[in-house]
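Enquirer:
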Amino acid sequence: MGKPDYFDSYPTFAMSRDADGILLLRFRAKDGDGPVAYSPQHHTDWSRAFLDIAEDRENRVVILTGTGDSFIDDYAWDRPTVDPQMWDQIIYEGKHLLRRLLDIEVPVIAAVNGPATVHAELAVMSDIVLASETATFQDKAHVPSGSVPGDGVHIVWQELLGMNRGRYFLLTGQTLSAAEAKQLGVVAEVLAPEKLMDRAYEHARALAALNPLAARYSRVVLTQRYKRLIDEQLPFGLALEALAGLDNVRLRRLAGKSTAL
174 MGKPDYFDSY
184 PTFAMSRDAD
194 GILLLRFRAK
204 DGDGPVAYSP
214 QHHTDWSRAF
224 LDIAEDRENR
234 VVILTGTGDS
244 FIDDYAWDRP
254 TVDPQMWDQI
264 IYEGKHLLRR
274 LLDIEVPVIA
284 AVNGPATVHA
294 ELAVMSDIVL
304 ASETATFQDK
314 AHVPSGSVPG
324 DGVHIVWQEL
334 LGMNRGRYFL
344 LTGQTLSAAE
354 AKQLGVVAEV
364 LAPEKLMDRA
374 YEHARALAAL
384 NPLAARYSRV
394 VLTQRYKRLI
404 DEQLPFGLAL
414 EALAGLDNVR
424 LRRLAGKSTA
434 L
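Residue numbers for the sequence shown follow our numbering, beginning at 174 and rising by one.
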């Protein structure tokens, strides 16, 4: 089983695969092997990388995790969002980001190694969600930052937490501890940090040992509802997020403030 070319094509991912076909996919900084400060490069890379991963039939199981002590806990968005053309790019990538993650037709395991406060949905949409005792879950990039939670978080968190709890979570910027997330059914297991990856690989090896079609088709049937919800609701949510974002630009201009972002 050789190393595919795409493993080195995305600077914001570190990828490796073992002899069992278990792909370890680690989120990392855009300029080095450190924790993620979420940027436009991540948005672009991830929407494309998930497609390459989905098309590679040598992948038997995928493990998602972060780098260092966090899953994704910071952002450094420096792409101007002042015109419809730029929002068009964001919407295009945003539509494909979650859909292509779901199009990976092998089991996906999340090993949430620390705070997941930006794009936490990438973890909690996984088939098996494991969390370190140090993990927390939040959506701090939308309502707490003056943005509409329309890029898929409105779908995922209401689906996981229920309508009322999901809306509360998004509108208040609530932070859930790993223990709270387990109690609410968001994660399946909470583990000591040093045991997290061993447990992820334990699950991955069991799934990789299945008949490949049984494993693949299990992923397909178990994600069909998410795919339908994403297809129905994500474009609308992204459009409203863009409209409110452009109005934020208008208000900043009226106030005489910078409109760089």
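Beta carbons are placed, not taken as given, at the ideal position from N, Cα and C, and that holds for glycine.
Which complete beta strand (DSSP E) runs does the stretch 194 to 252 hold, if anything under 3 residues is left out?
Expert: 195 to 200 and 234 to 238
Enquirer: By Cβ distance, which residues of its chain are closer than 7 Å to V393, with the 5 residues on each side in sequence left out?
Expert: For the purposes of this step, residue 393 is taken as residue 220 along the sequence shown, with counting starting at 1. Cβ within range, chain order: E278.
Enquirer: Could you tell me which of L424, R425, F244 and L411 sits nearest to Q435, measuring between CA atoms?
Expert: Beyond the ends of the chain as shown, which are 174 and 434, falls residue 435; an answer cannot be given.
Enquirer: Along the chain, where does the alpha helix (DSSP H) that runs through S391 open and close?
Expert: Working through the sequence shown from its first residue, we reach residue 391 at position 218. Unbroken alpha helix (DSSP H) run through S391: P385 to L427.
Enquirer: Tell me which residue opens and which closes the alpha helix (DSSP H) that F186 is part of.
Expert: For the purposes of this step, residue 186 is identified with residue 13 of the sequence shown, where counting begins at 1. Unbroken run through F186 is the beta strand (DSSP E), F186 to R190; no alpha helix (DSSP H).
Enquirer: Considering only C-alpha positions, which residue in the set D178, G241 and W219 is nearest to F186?
Expert: What you label residue 186 is simply residue 13 of the sequence shown in a count that begins at 1. That would be W219, whose Cα lies nearest to the Cα of F186.
Enquirer: Alpha carbon to alpha carbon, what distance is there between D242 and V360?
Expert: Along the sequence shown, read from residue 1 onward, the residue named residue 360 stands at position 187. Along the sequence shown, read from residue 1 onward, the residue named residue 242 stands at position 69. C-alpha separation (whole angstroms): 18 Å.
Enquirer: With DSSP collapsed to three states, give me the class of L357.
Expert: Sequence index remark: in the sequence shown, residue 357 carries index 184 (1-based). Under the three-state reduction of DSSP, L357 is assigned to coil, being neither helix nor strand.
Enquirer: Check whether the stretch 347 to 361 and the stretch 301 to 314 are in contact - that is, three or more C-beta pairs closer than 8 Å.
Expert: yes
Enquirer: Given 7 Å as the limit, tell me if D246 has its C-beta closer than that to any heavy atom belonging to the ligand FMN.
Expert: Although the ligand FMN was asked about, the structure shown includes no ligands whatsoever.
Enquirer: Buried or exposed: where does Y211 fall if 16 or more other Cβ atoms within 10 Å of its Cβ makes it buried?
Expert: Indexing the sequence shown from 1 puts residue 211 at position 38. Burial call: buried.
Enquirer: Tell me which same chain residues have a C-beta within less than 8 Å of the C-beta of L349, skipping the five on either side of it?
Expert: Here residue 349 refers to the residue found at position 176 when the sequence shown is read from its first residue. Once the five neighbours on either side are set aside, the close Cβ partners of L349 are T309, F310, Q311, F342, L357 and V359.
Enquirer: Report the residue from F180, R273, L416 and E231 whose alpha carbon sits nearest the alpha carbon of P385.
Expert: Taking the first residue of the sequence shown as 1, we reach residue 385 at position 212. Considering only alpha carbons, the answer is E231.
Enquirer: D225 to H215, Cα distance in whole Å?
Expert: If you number the sequence shown from 1, residue 225 lands on position 52. If you number the sequence shown from 1, residue 215 lands on position 42. One C-alpha to the other measures close to 15 Å.
Enquirer: Rounded to a whole number of angstroms, what is the C-alpha to C-alpha distance between V234 and I403?
Expert: Counted from its first residue, the sequence shown places residue 234 at position 61. Counted from its first residue, the sequence shown places residue 403 at position 230. Cα to Cα, V234 sits roughly 22 Å from I403.
Enquirer: List the DSSP bridge partners of A362.
Expert: Your numbering for residue 362 matches position 189 in the sequence shown. The residue asked about is misnamed: residue 362 is Glu in this sequence, not Ala. In the DSSP output, where bridge partners are listed per residue, E362 has L303.
Enquirer: Let's see if you can read the secondary structure: which residues bound the alpha helix (DSSP H) around A284?
Expert: Here residue 284 is taken as the residue at index 111 of the sequence shown, counted from 1. Element bounds for A284: not the alpha helix (DSSP H) but the beta strand (DSSP E), V281 to V285.
Enquirer: If the criterion is Cβ atoms closer than 8 Å, does the pair R201 and T240 meet it?
Expert: Position 28 of the sequence shown, counted from the start, is the residue given in the question as residue 201. Position 67 of the sequence shown, counted from the start, is the residue given in the question as residue 240. For R201 and T240, yes; Cβs fall inside 8 Å.
Enquirer: Among R338, F180, L395 and L344, which one has its Cα closest to the Cα of E353?
Expert: Translated into positions along the sequence shown, residue 353 becomes position 180. It is R338 whose Cα lies nearest to the Cα of E353.
Enquirer: With three or more C-beta pairs closer than 8 Å as the rule, is the stretch 263 to 277 touching the stretch 394 to 401?
Expert: yes
Enquirer: Which two residues bound the contiguous alpha helix (DSSP H) that contains Y158?
Expert: For residue 158 there is no data in the structure shown, the boundaries of the chain being 174 and 434.
Enquirer: Quick one: what's T309 bridged to in DSSP?
Expert: Mapped onto the sequence shown, residue 309 falls at position 136. Note: T309 sits in a beta bridge opposite S350.
Enquirer: Can you tell which of Q331, K268 and F223 has its C-alpha closest to the C-alpha of V281?
Expert: For this step, residue 281 is matched to residue 108 along the sequence shown. Checked all of Q331, K268 and F223; the closest Cα to V281 is F223.
Enquirer: Leaving out five residues before and five after K313 in sequence, what residues of the same chain have Cβ atoms less than 7 Å from its Cβ?
Expert: Taking the first residue of the sequence shown as 1, we reach residue 313 at position 140. T290, V291 and G346, listed in sequence order.
Enquirer: Take P118 as the anchor and find which of D206, G287 and Q258 has the nearest alpha-carbon.
Expert: Because the chain here runs from 174 to 434, residue 118 falls outside it and cannot be looked at.
Enquirer: Buried or exposed, going by whether 16 or more other CB atoms sit within 10 Å of the CB of Q258?
Expert: By 1-based counting over the sequence shown, the position of residue 258 is 85. Flag for Q258 reads exposed.
Enquirer: Hey, quick one: how far does the alpha helix (DSSP H) through A379 stretch, first residue to last?
Expert: Working through the sequence shown from its first residue, we reach residue 379 at position 206. That run of the alpha helix (DSSP H) goes L369 to A381.
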